[in-house]
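These notes are about the structure you will find just below.
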Amino acid sequence: MSSMAPDNITGGLDIEAIRADFPILQQKVHGCRLAYLDNAASSQRPHSVIEAVSHYYEHDHANVHRGVHSLSHRATDAYEGAREKVRKFINASAASEIVFTGGTTESINLVAASLGQDIGPDDEILISHMEHHSNIVPWKLLCERTGATLRVAPINKRGELILEEMLAMLNPRTRIVALAHVSNALGTVNPVSKVIEAAHELDIPVLLDGAQAAPHAAVDVQKLGCEFYAFSGHKMCGPTGIGVLYGRQDVLERLPPWQGGGEMILSVSFEDTVYNKLPYKFEAGTPHIAGAIGLGAAIDYLDSIGMDRIAAYEAQLRDYAGQRLSEIDGLRIIGEAESKVGVHSFVIDGIHPHDLGTVLDHKGVAIRTGHHCAMPVMDFFCVAGTARASLAFYNSAEDIDQLIDALGVATEMFA
Ligand code: PLP
């Protein structure tokens, strides 16, 4: 890991100008400059996203797809315009492959519920040991309902997937592989292309949980070749309560709906129901219109910087943070994968992560502490929880230095 003076860490971005776009970053917390390092839990929004949402509510709100009046047309255009922005962002081949959901959690539950209608006791679901609870519990529920078996691919002490063992678990009974593109607790970037290639040799569909990947690097679902890709708006500068399920057209067409209601039908009688075309078959009820519009604005913002530049800058910041954290006595990084994003989970001898989080908060540093909704990962590393600093492109080297100074205060306090 190379040592780098903070002045050199910009990745060619004007970080100060970017930070100025985020009103929330301008405040003080406990009298200190805010260093927001909890981006894996939720990111912040630039002014343009806040403005897009309030403009919609102030000028254009009406229900979508149903009205003949001007406001309904405007709301529909903006909502469908956002879908097209998402399509382009992940390079899906058609907007009909983009289903708006409440977030990654709902996207995964949708697939589990829908696919689950055709799963039985002889079937297997394959996940990994590093999944977020959102990519464990829906599958466990499905297995409880159907008698299917949940199989879990192991990880090693660096927090990497043991690929050969995962591939050896694929077999004709496997009905789906559901895998994190990037782990939220460890930062590990998984070798998803290899998993997809091997799964496809047996005609097994793959769902990627992209909650921690989509905000940090360009995603191309056609290049990946996965059947499903799930992610959340709020982790990529968009509103909460909106997310995406990408599903390949032919696969979505074969799946039955998972929720019934308005919008997802073409005609209903008491005898017969004809379902709507994609993606509406999976969008029952009035959707989160403002959320989708805000997500579209977030994508515009990310695109204006460029996902490749964001990835390159965050990699520099990740290395700088890793190097500075290694200077702290008694600090152990949990998750040292060869390939990882800017997520540093750690424990410090003799200090409970929650105590650490509280001391840091008083120094204006926001990090996450606890199990990060990944209890099996905590069990694997024999810790109750970790402290986690997670980066975004609007973080600066100054944020990292503030974190390190605050950790210095905490270690002295608990010495
Ligand atoms: N998957 C991963 C890897 C996550 O990090 C998260 C949230 O932290 C989720 C799924 C769930 O996302 P949401 O709560 O936005 O549905």
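Numbering that gives the first Met the number 0 applies: residue 0 is where the sequence shown begins, and numbers increase by one. For glycine and all other residues, C-beta sits at the position ideal for the given N, C-alpha and C.
What are the uninterrupted segments assigned as beta strand (DSSP E) that are 3 or more residues long and contained completely in the region 347-372, given in chain order? Counting whole runs of 3 or more residues, the region 347-372 contains the beta strand (DSSP E) stretches 367-369.
Would you kindly work out how many angstroms separate the C-alpha atoms of A167 and F345, rounded to a whole number? Position 168 of the sequence shown, counted from the start, is the residue given in the question as residue 167. Position 346 of the sequence shown, counted from the start, is the residue given in the question as residue 345. A167 and F345 have their C-alpha atoms roughly 31 Å apart.
At a cut-off of 7 Å, is Q43 close to ligand 1 when judged by its beta-carbon and the heavy atoms of the ligand? For the purposes of this step, residue 43 is identified with residue 44 of the sequence shown, where counting begins at 1. Because no heavy atom of ligand 1 lies under 7 Å away, the Cβ of Q43 does not count as near it: no.
Can you check which of these residues, R144, I49, Q315 and E196, is closest to L169 by C-alpha distance? Taking the sequence shown and counting its residues from 1, the one referred to as residue 169 is at position 170. Ranking the options by Cα distance to L169, first place goes to E196.
Which of helix, strand or coil does DSSP assign to M0? Position 1 of the sequence shown holds residue 0. For M0, the predicted model reports a pLDDT of 38, less than 50, meaning its position is unreliable; a value from the coordinates is still stated below. Three-state result, M0: coil.
Across which residues does DSSP place D37 in a beta bridge pair? Against the sequence shown, residue 37 aligns to sequence position 38. Bridge partners of D37: S389.
Once you ignore the five residues that flank S1 on each side, which residues in its own chain have a CB closer than 7 Å to its CB? Within the sequence shown, the letter at position 2 stands for residue 1. Bear in mind that the predicted position of S1 carries a pLDDT of just 42, short of 50, making it too unreliable to give a figure here.
Keeping to the same chain, check which residues put their C-beta closer than 8 Å to that of A217; ignore five residues upstream and five downstream. By one-based count along the sequence shown, residue 217 stands at place 218. Within the same chain, and ignoring the five residues on either side of A217 in sequence, the residues whose Cβ sits closer than 8 Å to its Cβ are M306, D307 and A310.
Less than 8 Å between C-beta atoms, sequence neighbours within five positions excluded: which residues of the same chain meet that for Y300? Mapped onto the sequence shown, residue 300 falls at position 301. Close CB contacts of Y300 within its chain, under the 8 Å cut and outside five residues either way in sequence, are with D20, P45, S47, V48 and C236 (chain order).
Tell me whether A112, by its Cβ, gets closer than 7 Å to a heavy atom of ligand 1. The count along the sequence shown starts at 1 and reaches residue 112 at position 113. For A112, the shortest separation between its Cβ and any heavy atom of ligand 1 does not lie below 7 Å.
Could you check what DSSP says for M327 in three-state terms: helix, strand or coil? For the purposes of this step, residue 327 is identified with residue 328 of the sequence shown, where counting begins at 1. Before going on, a small fix: residue 327 reads as Ile here, not Met. Coil, per DSSP.
Apart from the five residues on each side of it in sequence, which residues of its chain come closer than 8 Å, Cβ to Cβ, to A116? Within the sequence shown, residue 116 is the residue found at index 117, counting from 1. Reading the sequence as shown, one finds Gln at residue 116 and not Ala. Correct list, in chain order: P255.
Same chain only: Cβ atoms within 7 Å of D398, ignoring 5 sequence neighbours per side: As a first step, residue 398 is located in the sequence shown; it is residue number 399 there, counting from the start. If the five residues before and after D398 are omitted, its C-beta is found closer than 7 Å to the C-beta atoms of A34 and L36, all from its own chain and listed in chain order.
Would you mind stating whether I298 and K84 have Cβ atoms separated by less than 8 Å? Translated into the one-based positions of the sequence shown, residue 298 becomes position 299. Translated into the one-based positions of the sequence shown, residue 84 becomes position 85. Yes, Cβ-Cβ distance for I298 and K84 is below 8 Å.
Check whether the Cβ atoms of A74 and D59 lie closer than 8 Å to each other. Here the question's residue 74 lines up with position 75 in the sequence shown. Here the question's residue 59 lines up with position 60 in the sequence shown. Between A74 and D59, the gap from beta carbon to beta carbon is short of 8 Å.
Since T272 is in the beta strand (DSSP E), which residue starts that stretch and which ends it? Position 273 of the sequence shown, counted from the first residue, corresponds to residue 272. Counting along the chain, the beta strand (DSSP E) containing T272 begins and ends at T272 to Y274.
Taking all protein chains shown into account, do 16 or more other C-beta atoms lie within 10 angstroms of the C-beta of R65, making it buried, or fewer, making it exposed? In the sequence shown, the residue the question calls residue 65 occupies position 66. Using a 10 angstroms sphere on the CB of R65, the tally of other CB atoms stays under 16, which defines it as exposed.
Which of helix, strand or coil does DSSP assign to T173? As a working note, residue 173 is residue 174 in the sequence shown. Residue state, collapsed to three classes: strand.
Spatial neighbours of A51 within its chain, please: CB distance less than 8 Å, with the 5 preceding and 5 following residues excluded, ordered by chain position. Walking along the sequence shown from the start, residue 51 turns up at place 52. Excluding five sequence positions before and after A51, the CB atoms of its chain that fall closer than 8 Å to its own CB belong to I292, G293, G295 and A296, given in chain order.
In the DSSP assignment, find the unbroken alpha helix (DSSP H) run with R86 in it and report its ends. In the sequence shown, the residue the question calls residue 86 occupies position 87. S69 to I89 is the extent of the alpha helix (DSSP H) around R86.
Closest Cα partner of F380 within the set L12, F99 and K156: Taking the first residue of the sequence shown as position 1, residue 380 is located at position 381. Here the closest residue by C-alpha is K156.
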